[in-house]
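Heads up: the structure comes next, in structure tokens.
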Amino acid sequence: MWKPKARFVLAALALASAAAPAQAAEPSAREIMEKVTVTRKLDGSEAVVKMTVMDDKKQTRERDITMATKLYDGGKTEKRIYRFLSPADVQGTSVLVFDYETKADDVWIYLPALRKTRRIVSSQKTQSFMGSEFSYGDLNIPAIDDFDYTLVKQEPFGGETCYVIDVAPKNKDVAESEGYSKKTYWVSKDKFAVVRGLFYDKDGKLLKELITGNIKLLDAKNKRYRPLHMEMINKQNGRRSVFESSKVTFAPNTKDEYFTTAYLERS
Amino acid sequence: MDVDKRDNLQPPHEHTLPELDAEPQLLARVRYGLQGVDQTTFVDLREAYVNAYIGPLDLRIGQQIIVWGRADALNPTNNITPVDFRIRSPLEDDIRVGNVGARGFLRLAPLPLRLEGVWMPVYLATELPPVALPQYVYFGTPTFPSPDLRNGLGAGRLHLELPAFEASVSYLRGYAPLPGLALQSVTFDPNNPSVVVTRTAYQQQVIGLDFSTALGDVLTLRGEAAYRRPNGYQTDSTQNPSYLARPDLQYVVGVDHTFGSTTVIAQYLGRYVFDWQKAMGPSMSPDMLVVILKTQNPADFGDMVNRAVNSQLAKQSQILFGQTAKVQHIATLRVESLLAHETLSLSSLVLVNFTTQEWLITPRIGWRMSDAMTAYVGAQVFHGPTDTLFGLIDADLSAGYAELRFTY
Numbered sequence: 116m117w118k119p120k121a122r123f124v125l126a127a128l129a130l131a132s133a134a135a136p137a138q139a140a141e142p143s144a145r146e147i148m149e150k151v152t153v154t155r156k157l158d159g160s161e162a163v164v165k166m167t168v169m170d171d172k173k174q175t176r177e178r179d180i181t182m183a184t185k186l187y188d189g190g191k192t193e194k195r196i197y198r199f200l201s202p203a204d205v206q207g208t209s210v211l212v213f214d215y216e217t218k219a220d221d222v223w224i225y226l227p228a229l230r231k232t233r234r235i236v237s238s239q240k241t242q243s244f245m246g247s248e249f250s251y252g253d254l255n256i257p258a259i260d261d262f263d264y265t266l267v268k269q270e271p272f273g274g275e276t277c278y279v280i281d282v283a284p285k286n287k288d289v290a291e292s293e294g295y296s297k298k299t300y301w302v303s304k305d306k307f308a309v310v311r312g313l314f315y316d317k318d319g320k321l322l323k324e325l326i327t328g329n330i331k332l333l334d335a336k337n338k339r340y341r342p343l344h345m346e347m348i349n350k351q352n353g354r355r356s357v358f359e360s361s362k363v364t365f366a367p368n369t370k371d372e373y374f375t376t377a378y379l380e381r382s
Numbered sequence: 339m340d341v342d343k344r345d346n347l348q349p350p351h352e353h354t355l356p357e358l359d360a361e362p363q364l365l366a367r368v369r370y371g372l373q374g375v376d377q378t379t380f381v382d383l384r385e386a387y388v389n390a391y392i393g394p395l396d397l398r399i400g401q402q403i404i405v406w407g408r409a410d411a412l413n414p415t416n417n418i419t420p421v422d423f424r425i426r427s428p429l430e431d432d433i434r435v436g437n438v439g440a441r442g443f444l445r446l447a448p449l450p451l452r453l454e455g456v457w458m459p460v461y462l463a464t465e466l467p468p469v470a471l472p473q474y475v476y477f478g479t480p481t482f483p484s485p486d487l488r489n490g491l492g493a494g495r496l497h498l499e500l501p502a503f504e505a506s507v508s509y510l511r512g513y514a515p516l517p518g519l520a521l522q523s524v525t526f527d528p529n530n531p532s533v534v535v536t537r538t539a540y541q542q543q544v545i546g547l548d549f550s551t552a553l554g555d556v557l558t559l560r561g562e563a564a565y566r567r568p569n570g571y572q573t574d575s576t577q578n579p580s581y582l583a584r585p586d587l588q589y590v591v592g593v594d595h596t597f598g599s600t601t602v603i604a605q606y607l608g609r610y611v612f613d614w615q616k617a618m619g620p621s622m623s624p625d626m627l628v629v630i631l632k633t634q635n636p637a638d639f640g641d642m643v644n645r646a647v648n649s650q651l652a653k654q655s656q657i658l659f660g661q662t663a664k665v666q667h668i669a670t671l672r673v674e675s676l677l678a679h680e681t682l683s684l685s686s687l688v689l690v691n692f693t694t695q696e697w698l699i700t701p702r703i704g705w706r707m708s709d710a711m712t713a714y715v716g717a718q719v720f721h722g723p724t725d726t727l728f729g730l731i732d733a734d735l736s737a738g739y740a741e742l743r744f745t746y
């Protein structure tokens, strides 16, 4: 009586072992997003960015920004600083972000008109980044564990084969903090970088579309990429904002003093 | 001295953040409008300084504005830069007046500490709007310290800068930006009597501390406190000149939170005045004083007039210094909304002194018409009972305004 059962068990094991290599070749949605998170993390970088904000009547406003990033705590913390160079009415405005993997970020802003550095709480993620269609949260590295991931399909976009992944907040607090009920990402299979994103508001309506381009391999050794073109289109009001990086450098030794509130005040 | 070139990284890396080895800055302002009773054009050189970065030392030398404190609007530790309350502007920074001096920061890495030192050799006083003076009372030449090394203001501040918490302790010694009032001379003359009072600066020492931190990702918590003691202060109040403030302790604690596009900052400020006694003013009526001033026998009344005038000046100084009660309880609320993609701002600061019944409200609408041009419409409304600071200035400073600001 036990022999047929044993044969069945063996057959099941054989099928399982035959199927295993195929599963390993195709990562899960979460694994893909973990890779996305890793490939965008540069040991250090510096960039000059032109931020262009266009309203629905095609009127544009431009801001020149310098920014730097650096990883700390073995890659668990990314520190970023943004400094506005022009126009004159925002010149000297600076933002410092300590983007932690597992806890609330520390964020400071220096406003020349106040002559003070002000700590702001990181729940202000939904706030617009300096009047653009990007929110502070859009520029952060999201906490992987805060979301559920579903691999919807694979399809080409922008000349690249992409995984299409739905990203849903695990609970109401995360949704509230981010301002989105769902995000859908098109992730390049080759680079593990987001090439397109759709962001849905809390009512489930399409709010914004992200398009990235000119994705540059900055750290060949560790396969780290950075898009030089990021465009956010607000589908509800017709506005769009573009971040165009004119000069990006991989700078693992970028100065630690950039990521201090003391440096914010140097304007 | 060699200036560190700071380009200590190897190609192909190049710094894209500004390298600021030695950097001149100049900030000038042209204003046209009504100031007091004058409709005219004002040209202010607000700041003109050079920044130098020498290893761990950041140095700024020249005319500059220095603001201390982490609280909003009311900063007890902020006693370096004077302000000019005569300037009408929608921006609080506009009333600050640059002064010549040096400011340095020494980074004590790897410790999360930074030491700040300030030296301002030239005294500049805070300016108040002109107030109506009693008959035959005039302002004479102010009694301010001459530019002398011994008269300079010196201050130090140690900053603790941790990711989750920042704080500082400070010590300042120097002349207070807001002077008191003293009697300069009395002239008895039947036809042309006069009482000349002078704005008189006094030295003080201030010990301060401040901090800020985030309470989870919900609230930002800030606090600030300062104890100030005028030099030469005598516990026996009869020994103190009329222009001297009493020692006091001011403390602020506040929280802020952002609701969507609206930021709200709520604060409590308390002030405790040591050895407080109410300055009652003279028992002699102003009419009686005028009669006496016109007498031809000053020897008979000299002491009486001096006592009366000094008593009145002590009362006025107490009002100017905000020391009209032993303990004061003050609340502020600032609400600011950024709308229409940060091109439209609605804001207001409300201040209420529950002890003295003074209040202030500053509603403002700002419209950023372009990157270089912003229009503001707003008002500043002061209110206070007689014998309070806001009561003195409410008629002169309460006003609506419209401003078109060009920045380039």
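Protein chains in written order, with the working numbering: chain V, 116 to 382; chain C, 339 to 746.
We treat Cβ as the ideally placed atom computed from N, Cα and C, and that holds for glycine.
Determine whether the Cβ of residue i lies closer than 9 Å to any Cβ atom of chain C.
i	result
E372 of chain V	yes
A377 of chain V	yes
L229 of chain V	yes
E177 of chain V	yes
T184 of chain V	no
I235 of chain V	yes
V205 of chain V	yes
G353 of chain V	no
G246 of chain V	yes
D214 of chain V	no
A137 of chain V	Because the pLDDT of A137 of chain V is 43, which lies under 50, any placement of that residue in the model is unreliable, and the number read from its coordinates should be weighed accordingly. For A137 of chain V, the answer is no, since every Cβ of chain C falls outside 9 Å of its Cβ.
T241 of chain V	yes
S250 of chain V	no
V168 of chain V	yes
Flag residue i as yes if its beta-carbon sits less than 9 Å from any beta-carbon of chain V, otherwise no.
i	result
Y714 of chain C	no
R706 of chain C	yes
T596 of chain C	yes
R452 of chain C	yes
T551 of chain C	yes
V405 of chain C	yes
P501 of chain C	yes
S508 of chain C	no
M339 of chain C	At M339 of chain C the pLDDT is 32, less than 50, meaning the model places this residue with poor confidence; the figure from the coordinates comes in the next sentence. Answer no: the Cβ-Cβ gap between M339 of chain C and chain V never drops below 9 Å.
Please go through the same chain and pick out, in chain order, the residues whose beta-carbon is closer than 6 Å to the beta-carbon of residue i, but skip the five residues on each side of it.
i	result
P362 of chain C	V388
G494 of chain C	G455, Y509
M711 of chain C	F744
W614 of chain C	K664
D594 of chain C	T558, I603
W705 of chain C	L682, A713
Q543 of chain C	R511, R567
W406 of chain C	T415, N416
R122 of chain V	With a pLDDT of 42 at R122 of chain V, under the threshold of 50, the modelled position of this residue cannot be trusted, and the question is left open.
Give me, in chain order, the residues of the same chain whose beta-carbon lies closer than 8 Å to that of residue i; leave out the 5 immediate sequence neighbours on both sides.
i	result
K231 of chain V	Y225
T175 of chain V	T167, V168, M169
Count the other C-beta atoms from every protein chain shown that fall within 10 angstroms of the C-beta of residue i, then say buried if there are 16 or more, exposed otherwise.
i	result
L471 of chain C	exposed
K323 of chain V	buried
Q138 of chain V	Residue placement at Q138 of chain V is flagged as unreliable, the pLDDT there being 47, under the threshold of 50; the coordinate-derived value follows with that caveat. Flag for Q138 of chain V reads exposed.
F271 of chain V	It should be noted that the sequence gives Pro, not Phe, for residue 271 of chain V. Exposed, by the Cβ-count rule.
A228 of chain V	exposed
Taking 9 Å as the threshold (C-beta atoms), are residue j and residue i in contact?
i	j	result
L582 of chain C	Y571 of chain C	yes
E696 of chain C	T670 of chain C	no
G294 of chain V	G328 of chain V	no
G439 of chain C	G371 of chain C	no
G738 of chain C	T694 of chain C	no
A283 of chain V	K268 of chain V	no
V153 of chain V	S360 of chain V	no
A646 of chain C	P620 of chain C	yes
R354 of chain V	M245 of chain V	no
P367 of chain V	L157 of chain V	yes
A502 of chain C	A563 of chain C	no
For residue i, collect the residues of the same chain with a Cβ closer than 7 Å to its Cβ; drop the 5 residues on either side in sequence, then sort them by chain order.
i	result
I326 of chain V	R311, E346
Y474 of chain C	P531, S532, V533, V628, L631
For residue i, verify whether its CB is less than 8 Å away from any heavy atom of the ligand ADP.
i	result
Y581 of chain C	Annotation note on the ligand ADP: not contained in the displayed structure, which lists no ligands.
Just to check my reading of the structure: residue i and residue j have Cβ atoms closer than 8 Å, yes? What is that Cβ distance to the nearest angstrom?
i	j	result
T184 of chain V	K194 of chain V	7 Å
I703 of chain C	V715 of chain C	5 Å
D288 of chain V	T265 of chain V	So it is not a contact: roughly 20 Å between Cβ atoms.
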